[in-house]
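Quick notes on the structure that follows.
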Amino acid sequence: MVTYYKIGDMFCASAHGDLPYEKTEKPAAGTTLTWLFTGEPGSRRASFLVNHPAELFAECEDVSWLNTNRLNASAYDGQTRELPADLLAQLDAGTLRAVNASHPKFEEILAYKPKEGKKRVHVLAIGDVGSMLLTGLHLLGGDVISSIGICDISDKVTARWEFEENQIAYPWDYDAMPEVDVVDQDHLFDCDVFVFVASKGIPPVGSGVKDVRMYQFENNSKIIGHYAKMAREKNFKGLFCAVSDPVDPLAKTAFLESNKNEAGEYDWMGLLPEQIQGFGLGVMNARAAYYAKRDPRFKQFLTEGRSFGPHGQDLVIADSIENYNDELSKELTNLTVTANLHMRAIGYKPFVAPAFSSGAISILMTLRKQWHCGSVFLGGVYMGVKNRYTEHGLETEALALPDALYERIVFAAENLAKIV
Numbered sequence: 265m266v267t268y269y270k271i272g273d274m275f276c277a278s279a280h281g282d283l284p285y286e287k288t289e290k291p292a293a294g295t296t297l298t299w300l301f302t303g304e305p306g307s308r309r310a311s312f313l314v315n316h317p318a319e320l321f322a323e324c325e326d327v328s329w330l331n332t333n334r335l336n337a338s339a340y341d342g343q344t345r346e347l348p349a350d351l352l353a354q355l356d357a358g359t360l361r362a363v364n365a366s367h368p369k370f371e372e373i374l375a376y377k378p379k380e381g382k383k384r385v386h387v388l389a390i391g392d393v394g395s396m397l398l399t400g401l402h403l404l405g406g407d408v409i410s411s412i413g414i415c416d417i418s419d420k421v422t423a424r425w426e427f428e429e430n431q432i433a434y435p436w437d438y439d440a441m442p443e444v445d446v447v448d449q450d451h452l453f454d455c456d457v458f459v460f461v462a463s464k465g466i467p468p469v470g471s472g473v474k475d476v477r478m479y480q481f482e483n484n485s486k487i488i489g490h491y492a493k494m495a496r497e498k499n500f501k502g503l504f505c506a507v508s509d510p511v512d513p514l515a516k517t518a519f520l521e522s523n524k525n526e527a528g529e530y531d532w533m534g535l536l537p538e539q540i541q542g543f544g545l546g547v548m549n550a551r552a553a554y555y556a557k558r559d560p561r562f563k564q565f566l567t568e569g570r571s572f573g574p575h576g577q578d579l580v581i582a583d584s585i586e587n588y589n590d591e592l593s594k595e596l597t598n599l600t601v602t603a604n605l606h607m608r609a610i611g612y613k614p615f616v617a618p619a620f621s622s623g624a625i626s627i628l629m630t631l632r633k634q635w636h637c638g639s640v641f642l643g644g645v646y647m648g649v650k651n652r653y654t655e656h657g658l659e660t661e662a663l664a665l666p667d668a669l670y671e672r673i674v675f676a677a678e679n680l681a682k683i684v
């Protein structure tokens, strides 16, 4: 049974009939509804775009939401059949937003409206990756970025890149690209998009470190935790992009650290889980495509393939969804995961492709509300998936996943949960 509520000027529907809000009769046909669910704030997104009826009644959120086979077979079929036609029509139209009524910032989240127009972007740390990412945003982002602020521990570095970037221009169309300026720490979160590229350091070429990403986690988690707390203090409402390695655990760290009060207790008054996204899957997807273009055994990936999971050892590449070949997919996954070692064997650090494919291109696709590769919150972990932001919330792609593929995704999620 569905109960209707009127909260401010918004009409809501819920399976919970005991929420502490004004109840109302069923609204007139065509009224936009928001679905209200309840759940522990540390284990559920605060809001999202509903793309399957089973999500309305699910007691928990996990990677099964990526699999329509699991969603279709869920135990909520009896409830979904009782859903009002208007609600189902809104779901089918892709306009049904769900909000966690148990979240301490519930009313603020419910009333939130995405900011229209071009966005102000701030990039923290202009090193190897940061400088390439900045260049990509500057060259390609004029349609969605108003201006770019850069911040680094070195004033010389920011002076250099402000000078360089602002001398890149089309003749006679000098405002086609967003202006780049230097921003200080005090104003780091006076923006719509914050891009975290800071890192304590990458092992030198020839160091013998096999999993460079996890080597970086201990130091980088302290850095991102500091800035996540700063975002909380500044009441940051924008998108927090984690680009430094290891992307997925760092995104989770940012979420957790921003949601601790001064006593170190979780109060869930910081960044929302869907407010943070990890940007590391884009280059893994691009690397898989690189090998698929060069080996006809993998060519189906280019039209039928998908990438899931973390930017690291537990990456999942699927050569195809409809015609999944587990052996070929695992071979392609291995090539993709070890591509960075190949670059190091040549004698170079692999940072250009990640800066563009995972960084600049994926962030710009996010701002354009396009489907892209990134790590989003799913039941307590940040999991790399195909997703997009819409005016009705974050949407994750759900497909009919073969069992062998789904088992790989579950394994990756379980391992991510063990890290942080």
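The sequence shown stops at residue 684 when you use my numbering, and every number in between is there.
Every residue gets a Cβ at the ideal spot worked out from N, C-alpha and C, and that includes glycine.
query, result
"Contact defined as beta carbons within less than 8 Å: I believe L535 pairs with F504. What is the distance between those atoms, to the nearest angstrom?", "6 Å"
"Identify the residues that DSSP records as bridge partners of T422: which are they?", "Answer by DSSP bridge pairing: none, since T422 is not bridged."
"Residue range of the alpha helix (DSSP H) that Q354 falls in?", "349-356"
"Hey, quick one: how far does the beta strand (DSSP E) through E659 stretch, first residue to last?", "657-660"
"Within 8 Å, do at least three Cβ pairs link the region 484-493 to the region 512-522?", "yes"
"Where does K613 sit, in a helix, a strand or coil, going by DSSP?", "coil"
"Checking 8 Å against the spacing of the C-beta atoms, do V580 and I673 come in under that value?", "yes"
"Between Y555 and A603, what straight-line distance do the alpha-carbon atoms span, to the nearest angstrom?", "10 Å"
"Roughly how many angstroms separate the alpha carbons of P560 and E586, rounded to a whole number?", "18 Å"
"Confirm, please, whether the CB-CB distance from P510 to F543 is below 8 Å.", "no"
"Using only alpha-carbon positions, find the residue among V327, G281, G294, G303 that is nearest to D667.", "V327"
"Got a sec? Which residues, its chain only, sit under 8 Å from R361 by beta carbon, not counting five neighbours each side?", "T298, W299, S311, F312, L313, V314, H656, G657"
"Based on DSSP bridge pairs, tell me the residues matched to D437.", "Y434"
"Determine, using beta carbons only, whether K406 and A433 come nearer to each other than 8 Å.", "The residue asked about is misnamed: residue 406 is Gly in this sequence, not Lys. No."
"With 16 other CB atoms within 10 Å as the buried threshold, where does M265 fall?", "exposed"
"Under three-state DSSP, which class holds L536?", "coil"
"Assuming the contact rule is C-beta atoms closer than 8 Å, P368 and S411 should be a hit. Round their C-beta distance to whole Å, please.", "About 33 Å; that fails the 8 Å criterion."
"Buried or exposed for Q634, going by 16 or more other Cβ atoms inside 10 Å?", "exposed"
"Excluding the five sequence neighbours on either side, which residues of its own chain have a C-beta within less than 8 Å of the C-beta of E426, listed in chain order?", "I414, V444, D445, V446"
"Between K383 and V421, is the Cβ-Cβ spacing less than 8 Å?", "no"
"Figure out for me which residue from S338, T267, Y268, R334 has the closest Cα to the Cα of A664.", "R334"
"Do you know whose CA, among S418, T295, L330, lies nearest V710's CA?", "Any question about residue 710 goes unanswered here, given that the chain covers just 265 to 684."
"Does DSSP put W299 in a helix, a strand or coil?", "strand"
"Compute the beta-carbon to beta-carbon distance between A293 and D350, rounded to the nearest angstrom, for a pair I have assumed lies under 8 Å.", "6 Å"
"Measure how close the beta-carbons of V385 and V457 come, nearest whole angstrom, since I'm counting them as under 8 Å.", "4 Å"
"State the CB to CB distance for the pair G643 and E286, rounded to an integer number of angstroms; the pair is presumed to be in contact (CB under 8 Å).", "Contact flag wrong, Cβ pair sits at about 31 Å."
"Check for me: the alpha helix (DSSP H) holding D448 runs from which residue to which?", "From DSSP, D448 is part of no alpha helix (DSSP H); its letter is neither H nor E."
"Return the CA-CA distance between Q343 and D282, expressed in angstroms with no decimal places.", "17 Å"
"Whole angstroms are fine: how far does the CA of P291 sit from the CA of I271?", "13 Å"
"Span of the alpha helix (DSSP H) holding K557?", "545-558"
"Among Y670, L631, A662, E659, whose alpha-carbon lies nearest the alpha-carbon of E380?", "L631"
"What residue from H402, P305, A322 has the CA that sits closest to I627's CA?", "H402"
"Within its chain, find whatever has a CB closer than 6 Å to the CB of P305; leave out the 5 residues flanking it on each side and keep chain order.", "H367, W532"
"Could you tell me the boundaries of the beta strand (DSSP E) in which V580 lies?", "580-582"
"Tell me the DSSP secondary structure of Q343 in three-state form.", "helix"
"Based on Cα-Cα distance, which residue from F460, N484, Y479, A495 lies nearest to N454?", "Residue 454 is actually Asp in this sequence, not Asn. Nearest C-alpha to D454: A495."
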